[in-house]
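Only one structure is covered here, and it is reproduced in the block below.
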Amino acid sequence: MAINMLCMNSDCKYYWEDMCTRNVNEEKIVISPHGCCETFEEGISEWYEKSEGCNAEEL
Ligand code: SF4
Numbered sequence: 001m002a003i004n005m006l007c008m009n010s011d012c013k014y015y016w017e018d019m020c021t022r023n024v025n026e027e028k029i030v031i032s033p034h035g036c037c038e039t040f041e042e043g044i045s046e047w048y049e050k051s052e053g054c055n056a057e058e059l
């Protein structure tokens, strides 16, 4: 089971609510020796699209 990994780079397509969706899915993330994420890809997570119209009160 993946541990929630904090990331605040909202310009990344893997970012969702201050965490990395790749980490949630147990997919590889590469961090450079200088601490930069080399897995970064500009975009918006599809998780936001999937959650559109969701209403927690209806669940
Ligand atoms: S791939 Fe890297 S930059 Fe993107 S959300 Fe994950 S940790 Fe953050």
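With the first letter of the sequence shown counted as 1, position 44 gets the number 44 in full-length UniProt numbering; the numbers rise by one all the way through.
Where is the CB? At the ideal position from N, CA and C, for every residue including glycine.
Bear in mind the structure is a predicted one, so any value in this text is a computation, not a measurement.
Closer than 7 Å to some heavy atom of ligand 1: that describes the Cβ of residue 29. In the three-state reduction of the DSSP assignment, residue 52 falls in the coil class, being assigned neither a helical nor a strand state.
The closest heavy atom of ligand 1 lies 7 Å or more from the beta carbon of residue 48.
With 6 Å as the limit, the residues whose C-beta approaches a heavy atom of ligand 1 more closely than that are 7, 9, 12, 14, 15, 20, 22, 29, 37, 39, 40, in chain order.
Residue 32 and residue 38 have their C-alpha atoms some 6 Å from each other.
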